[in-house]
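A.B. asks:
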Amino acid sequence: MKTIVASPVAGRAVPMSEVPDPVFAQAMVGPGMAVEPEGGEQDAVAPIDGTVVTLHPHAFVVAGADGKGVLVHLGIDTVKQKGEGFTLHVVKGESVRAGQPLIRWNPESVRAAGYAPVVPVVALDASAEALSELLADGPVTTGEQLFVWS
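The opening position of the sequence shown corresponds to residue 10 in the numbering used here, with each subsequent residue numbered one higher.
#1: Please tell me whether T151 and G94 are closer than 9 Å, where the distance is taken between their beta carbons.
#2: Quick one: give me the first and last residue of the beta strand (DSSP E) that V88 is part of.
#3: Rounded to whole angstroms, what is the Cα-Cα separation between F156 and A122?
#4: With 16 other CB atoms within 10 Å as the buried threshold, where does V100 fall?
#5: For P110, report the span of its beta strand (DSSP E) as first-last.
#6: Kindly indicate the opening and closing residues of the alpha helix (DSSP H) around F33.
#7: With C-beta atoms as the reference, is D30 less than 9 Å away from I112?
#8: On the criterion of 16 or more Cβ atoms from any shown chain inside 10 Å, does S16 qualify as buried, or is it exposed?
#9: So, do the region 116-133 and the region 69-86 have three or more beta carbon pairs nearer to each other than 8 Å?
Here it is, written out as structure tokens:
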């Protein structure tokens, strides 16, 4: 079954290898894409239909009915912000639809706090070969397809 993974934020799609964190850049948690977000305060949305299985102010995992989990991490080292500047719209265990707002945040505030606001979107426990149609480096809108997970 193919899963279309949508961008949780608008901005510029970049290869995971460009993320300034070796855990993501070397795909240690899984392959995927990243988005360099644009603009100020905004909502990060669910990349797939599913259930919120992990939820932190700066990150979440949505698992589809087929068990595929997609991790969205809002910025690098943003856990150090201890939730400041992030507003949750959902709770762990909630069923969500792709495109549904999950967390309100501000990439400009993340940057001002000294962190990279880049957003890794990771196919957890996937092989790189399982991903196809990865979006080329360039602009992406919220909800636009980032990649397909087979």
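Where is the CB? At the ideal position from N, CA and C, for every residue including glycine.
A quick note: this is a predicted structure, and the numbers were derived from the prediction, not measured.
C.D. replies: Result, derived from the coordinates:
#1: Against the sequence shown, residue 151 aligns to sequence position 142. Against the sequence shown, residue 94 aligns to sequence position 85. The Cβ-Cβ distance between T151 and G94 does not fall below 9 Å.
#2: Within the sequence shown, residue 88 is the residue found at index 79, counting from 1. In the DSSP assignment, V88 falls outside any beta strand (DSSP E) and carries neither an H nor an E.
#3: The sequence position of residue 156 within the sequence shown is 147, counting from 1. The sequence position of residue 122 within the sequence shown is 113, counting from 1. Computed Cα separation, rounded: 30 Å.
#4: Taking the sequence shown and counting its residues from 1, one reaches residue 100 at position 91. V100 is exposed by the Cβ-count criterion.
#5: In the sequence shown, the residue the question calls residue 110 occupies position 101. Residues 110-114.
#6: Within the sequence shown, residue 33 is the residue found at index 24, counting from 1. Element bounds for F33: 31-34.
#7: As a first step, residue 30 must be located in the sequence shown, where it is residue number 21. As a first step, residue 112 must be located in the sequence shown, where it is residue number 103. For D30 and I112, no; Cβs fall outside 9 Å.
#8: As a first step, residue 16 is located in the sequence shown; it is residue number 7 there, counting from the start. Label assigned to S16: buried.
#9: The region 116-133 makes contact with the region 69-86, as at least three CB pairs between them are under 8 Å.
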